[in-house]
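Next comes the structure, spelled out in structure tokens:
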């Protein structure tokens, strides 16, 4: 029996960068297949090729039930090939009913009048929902549904356009909105969806989810397949994590220089919306890593500490100045020297339409200027300084930031905050979507900053980054630090995150 | 807990306790220490000569509209040399656009910070109506009447700002509403008639001739230059630019985003009110029902301005060039015998073309 969906020799280059090379993916009938990889590994590019959003390089083949599909895929022909894609945001219409949402695109019409036949729509929707063993009234409005029910409606809609027992439903991070309990129920629904012979391809980055759901797993790293259709039953989460992250761990800087004994930054009782709270210290010259499994609360820490979002409770002590995180404003924290390099670079970090110079000098506009004249030379100096010290390419301070590559944008963003000489530098996923060379430059700059007196908090999923520059790595479970690793290897961190043994380490 | 934890703890070395004066010093010295990276190469100033073609391309981009303007005028001159090449024609182009220049700059205040103010024409109309009403029907002196009118105009801006920024309603909708509301108010105040009777001496603040053009022309230039200076050379201008380009980025850099948005609406109303006073002074009175006609030409000029001087950005000098470009285009066509309808066709088409071009330029700038 041919594979339901098979990709062969898929390559994709954007300009001079190769983002996919010789990717192979095969989804068998009746299975739930997971495609996993880190952010920027190329998994979403694979889906975009299947969806017809990107044209693949020459030589790629896509087969559905053994039949070759013409590439590039025409987006309109997807449904005819039996492929339906459910995106992270499932695109349901809020004020329409479940039945109407399910039948969008294939409305049931009366034979003669071509009038929409709501009764038949409702019956068809009810049938599909019962096939999925989902109890939902088709006349309910979507706006009244909880996330889990919405996800079910999206699945039903995808299933509706398919011949029973055929086709592939691709879930592109579609379970992100679901809580852990509702996700479990949702997986049952998926089981029912494949029980008739159809297939599901899940694109995910949460490994516990993948383990709970998938029959087989394909792992992609840096645009190449490093695990091709591995049976999920034989694998542990750590094993997949290692495949995803790779073994190419270069020790960027040996963290020999020990920080001063005095804590410079102290965070106490930080509430991330979990049962427990976070407490930790960072010394002067120290880089502390913060990580954990998805949804454990550590991802909000950068934004709570920087005052981007108000914490429910918690205080931060910056070099002797105590600030209440439940009340302080962002400006207050900035003034105390707490700066944030956010994860969403193009939304929160940099104004992509404005030049490198303008972006770099923004935080010091008031301080370095007279109200009636901002002065051009210091701005130019700052920009050329960043370009030179961090190696921004091309070295043109007047270029709009949007014209730079991701790695170079990240350099500009880091430089923008380093120039102010911060007390606490908070980095959230600073090397995401950044090439290897730029990553080196970025981490080197972070280490140098720490050496000159800044305390650094590196909040990241990337165990290679954490291991390369952090003396201590704090692992968070359910909103509290459960382990403190001293000078860990990437493996140590992976073990601590995915095993989650609640052995509380000695707190500094 | 881990194998090398001990090593690290025993390898204590001296700690630099110096305050983080300049973090990048350390980055620099670190890079210098690595022989592979030649810092001196990257420190070298950027070679200007290699960028010459880029400069030329840049200049073409910046001044394409001016070029089109010149070509357009040459064509007009070739067709109708007798009518175009007259002092009166040039006076008509440059001397009568004061309300549009003021309105364009008023709108620009909000556009630059990513907001939208459609009520400027009505604010201008209201102040232009209130001054003659107060002077002729209530006997106030012109200075006091002007002050009252400007205060009322600024008050309208405060209300707009409050609803948009504090209450949090979309600026487009709010100002569309207040635009109609204020037009109605102006009609009510003037009892739907043209209010005239302002003294000729008051008109002198607008009409006094200097080097062949009325003073209002120079007021427009002055206020545009001030605007351009603020936008380019002051911290406030930079903050405004960032609020317009990315509110989130500005906020995270400590910019008081809402304060700037609020003040933008107030400044917008202030400029429109001043424009209204000068307009009514120059005309000797005002017909309240004529104010909506000023909105679209000013809007066209502002969007056309995004193709000039600073391509892809709202800018004051570009907007002013836009105003005169459109005015001369229309006057030329009218002198060639086309009727009054050409004004609407020209302004409308210019708005669509200008917005299309500016969104294309922005798309090119934003992403590589």
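Residue numbers (the working numbering), protein chains in the order written: chain P, 68 to 575; chain H, 661 to 1028.
Note that the Cβ used here is the ideal one computed from N, Cα and C, for glycine as well.
Legend entry - Validate contact between the segment 898-913 of chain H and the segment 810-830 of chain H using beta carbons, cut 8 angstroms, 3 pairs: Short answer: they don't touch.
Inset, instruction - Answer yes or no: does any C-beta atom of chain P fall closer than 8 angstroms to that of residue 908 (chain H)? - result: As a working note, residue 908 (chain H) is residue 248 in the second chain. At least one chain P Cβ lies under 8 angstroms of residue 908 (chain H).
Legend entry - Short CB-CB distance (under 8 angstroms) between residue 1017 (chain H) and chain P: Locating residue 1017 (chain H) in the second chain gives position 357, counting from the first residue. Judged by the 8 angstroms Cβ criterion, residue 1017 (chain H) is not in contact with chain P.
Legend entry - Sequence-distant residues of the same chain with beta carbon closer than 7 angstroms to residue 941 (chain H), five excluded per side: Stepping through the second chain from its first residue, residue 941 (chain H) is reached at position 281. Only residues of its own chain outside the window of five on either side were considered, and among them 858, 862, 863, 865 and 866 have a CB closer than 7 angstroms to the CB of residue 941 (chain H), listed in chain order.
Legend entry - Buried/exposed call for residue 759 (chain H), threshold 16 Cβ in 10 Å: Counting from one through the second chain, the residue named residue 759 (chain H) turns up at place 99. So residue 759 (chain H) ends up on the buried side.
Inset, instruction - Report yes or no: is there a C-beta of chain P within less than 8 angstroms of the C-beta of residue 901 (chain H)? - result: Translated into positions along the second chain, residue 901 (chain H) becomes position 241. By this cut-off, residue 901 (chain H) is an interface position.
Inset, instruction - Find the nearest neighbour of residue 457 (chain P) within the set P:74, P:386, P:438 and P:485, judged by alpha-carbon distance. - result: Taking the first chain and counting its residues from 1, the one referred to as residue 457 (chain P) is at position 390. Distance from the Cα of residue 457 (chain P) is smallest, within the candidate group P:74, P:386, P:438 and P:485, for P:485.
Inset, instruction - Check the Cβ of residue 425 (chain P) against every Cβ in chain H and list those closer than 9 angstroms, keeping chain order. - result: Position 358 of the first chain, counted from the first residue, corresponds to residue 425 (chain P). Using a Cβ-Cβ cut-off of 9 angstroms, residue 425 (chain P) is close to 898, 901, 902 and 905 of chain H, given in chain order.
Inset, instruction - Measure the alpha-carbon distance for residue 892 (chain H) versus residue 474 (chain P) and round it to whole angstroms. - result: Reading the second chain from its first residue, position 232 is the one you call residue 892 (chain H). Reading the first chain from its first residue, position 407 is the one you call residue 474 (chain P). A direct Cα-to-Cα measurement between residue 892 (chain H) and residue 474 (chain P) gives close to 29 angstroms.
Legend entry - Rounded separation between residue 150 (chain P) and residue 141 (chain P) - CA only: Counting from one through the first chain, the residue named residue 150 (chain P) turns up at place 83. Counting from one through the first chain, the residue named residue 141 (chain P) turns up at place 74. Answer to the nearest angstrom: the Cα atoms are 12 angstroms apart.
Inset, instruction - Examine chain P for any beta-carbon lying closer than 8 angstroms to the beta-carbon of residue 894 (chain H), and answer yes or no. - result: The sequence position of residue 894 (chain H) within the second chain is 234, counting from 1. Taking Cβ atoms only, chain P reaches closer than 8 angstroms to residue 894 (chain H), which makes this a yes.
Inset, instruction - Anything in the segment 969-987 of chain H with a Cβ closer than 9 angstroms to a Cβ of chain P? List those residues in chain order, please. - result: Taking 9 angstroms as the upper bound on Cβ-Cβ separation, chain P lies near residues 972 and 973 of the segment 969-987 of chain H.
Inset, instruction - Could you tell me whether the Cβ of residue 278 (chain P) comes closer than 8 angstroms to any Cβ of chain H? - result: Translated into the one-based positions of the first chain, residue 278 (chain P) becomes position 211. False, the Cβ-Cβ gap to chain H never drops below 8 angstroms.
Inset, instruction - Kindly confirm or deny that the segment 494-505 of chain P and the segment 466-480 of chain P touch, where touching means at least three C-beta pairs closer than 8 angstroms. - result: A contact between stretches requires three or more CB pairs, one per stretch, nearer than 8 angstroms, and the segment 494-505 of chain P meets this requirement with the segment 466-480 of chain P.
Inset, instruction - Identify whether residue 692 (chain H) lies in helix, strand or coil by the three-state DSSP scheme. - result: Position 32 of the second chain, counted from the start, is the residue given in the question as residue 692 (chain H). Only weak support is given to the placement of residue 692 (chain H): the predicted model assigns it a pLDDT of 44, under 50, and the question is left unresolved by the model.
Legend entry - Assigned secondary structure, residue 851 (chain H) (DSSP; H/G/I helix, E/B strand, else coil): Here the question's residue 851 (chain H) lines up with position 191 in the second chain. It is coil, neither helix nor strand.
Inset, instruction - Give a yes or no on whether 8 angstroms exceeds the smallest Cβ distance from residue 929 (chain H) to chain P. - result: The count along the second chain starts at 1 and reaches residue 929 (chain H) at position 269. Taking Cβ atoms only, chain P never reaches closer than 8 angstroms to residue 929 (chain H), which makes this a no.
Inset, instruction - Measure the beta-carbon distance from residue 407 (chain P) to residue 461 (chain P) and round it to whole angstroms, keeping in mind my assumption that it falls under 8 angstroms. - result: Indexing the first chain from 1 puts residue 407 (chain P) at position 340. Indexing the first chain from 1 puts residue 461 (chain P) at position 394. A Cβ-Cβ distance of about 27 angstroms is found for the pair residue 407 (chain P) and residue 461 (chain P), leaving them out of contact under the 8 angstroms criterion.
Legend entry - Residue closest to residue 392 (chain P), alpha-carbon to alpha-carbon, out of P:250, P:419 and P:335: Position 325 of the first chain, counted from the first residue, corresponds to residue 392 (chain P). Nearest option by C-alpha distance: P:335.
Inset, instruction - Going by CA-CA distance only, name the one from P:217, P:69, P:491 and P:152 that's closest to residue 374 (chain P). - result: On the first chain, position 307 is the one that residue 374 (chain P) refers to. If we check each option's Cα against that of residue 374 (chain P), P:491 comes out closest.
Inset, instruction - Would you please verify whether the beta carbon of residue 375 (chain P) is less than 8 angstroms from any beta carbon of chain H? - result: Numbered from its first residue, the first chain carries residue 375 (chain P) at position 308. By the rule that beta-carbons nearer than 8 angstroms mark a contact, residue 375 (chain P) touches chain H.
Legend entry - Same chain, Cβ closer than 6 angstroms to residue 367 (chain P), five either side skipped, listed in chain order: Taking the first chain and counting its residues from 1, one reaches residue 367 (chain P) at position 300. The answer, listed in chain order, is 339.
Inset, instruction - Check residue 271 (chain P) in the structure and name its three-state DSSP category. - result: Within the first chain, the letter at position 204 stands for residue 271 (chain P). Here residue 271 (chain P) sits in strand by DSSP.
Legend entry - Which of helix, strand or coil DSSP assigns to residue 562 (chain P): Position 495 of the first chain, counted from the start, is the residue given in the question as residue 562 (chain P). In the structure shown, the three-state DSSP call for residue 562 (chain P) is helix.
Inset, instruction - Please check if any C-beta of chain H sits within less than 8 angstroms of the C-beta of residue 438 (chain P). - result: In the first chain, counting from the first residue as 1, residue 438 (chain P) sits at position 371. Judged by the 8 angstroms Cβ criterion, residue 438 (chain P) is in contact with chain H.
Inset, instruction - Check whether the Cβ of residue 928 (chain H) lies closer than 7 angstroms to any heavy atom of the ligand FMN, and answer yes or no. - result: Among the components modelled here there is no ligand, and therefore nothing to report on the ligand FMN.
Inset, instruction - Could you spell out where the alpha helix (DSSP H) holding residue 787 (chain H) opens and where it closes? - result: As a working mapping, residue 787 (chain H) is identified with position 127 in the second chain. Looking at the DSSP string, the run of the alpha helix (DSSP H) that includes residue 787 (chain H) is 780-792.
Inset, instruction - Compare the C-beta of residue 911 (chain H) against all C-beta atoms of chain P and say whether one is closer than 8 angstroms. - result: As a first step, residue 911 (chain H) must be located in the second chain, where it is residue number 251. Cβ-Cβ to chain P under 8 angstroms: yes for residue 911 (chain H).
Inset, instruction - Would you be able to state if there are at least three C-beta pairs under 8 angstroms between the segment 519-533 of chain P and the segment 344-362 of chain P? - result: The segment 344-362 of chain P, when compared against the segment 519-533 of chain P, does touch it at the 8 angstroms Cβ threshold.
Legend entry - CB contact check: residue 409 (chain P) to chain H, cutoff 8 angstroms: Here residue 409 (chain P) refers to the residue found at position 342 when the first chain is read from its first residue. For residue 409 (chain P), at least one C-beta of chain H is nearer than 8 angstroms to its own C-beta.
Legend entry - Best match in P:264, P:127 and P:376 for proximity to residue 139 (chain P) [C-alpha to C-alpha]: If you number the first chain from 1, residue 139 (chain P) lands on position 72. Considering only P:264, P:127 and P:376, the residue with the shortest C-alpha distance to residue 139 (chain P) is P:127.
Legend entry - Three-state secondary structure assigned by DSSP to residue 239 (chain P): Stepping through the first chain from its first residue, residue 239 (chain P) is reached at position 172. Looking at residue 239 (chain P) - three-state DSSP - the assignment turns out to be strand.
Inset, instruction - Kindly indicate the opening and closing residues of the beta strand (DSSP E) around residue 391 (chain P). - result: If you number the first chain from 1, residue 391 (chain P) lands on position 324. For residue 391 (chain P), the enclosing beta strand (DSSP E) covers residues 388-391.
Inset, instruction - Have a look at residue 204 (chain P) and residue 240 (chain P) and give me their C-alpha separation to the nearest angstrom. - result: As a position in the first chain, residue 204 (chain P) is number 137, starting the count at 1. As a position in the first chain, residue 240 (chain P) is number 173, starting the count at 1. The alpha-carbon separation between residue 204 (chain P) and residue 240 (chain P) amounts to approximately 26 angstroms.
Inset, instruction - Mind reading off the beta-carbon distance from residue 113 (chain P) to residue 165 (chain P)? Whole number of angstroms is fine, and I expect it under 8 angstroms. - result: Residue mapping note: residue 113 (chain P) aligns to position 46 of the first chain, counting from 1. Residue mapping note: residue 165 (chain P) aligns to position 98 of the first chain, counting from 1. Actually they do not touch by this definition, with Cβ atoms about 31 angstroms apart.
Inset, instruction - Determine the direct distance from the alpha carbon of residue 405 (chain P) to that of residue 449 (chain P), and round the result to whole angstroms. - result: For this step, residue 449 (chain P) is matched to residue 382 along the first chain. For this step, residue 405 (chain P) is matched to residue 338 along the first chain. Residue 449 (chain P) and residue 405 (chain P) have their C-alpha atoms roughly 20 angstroms apart.
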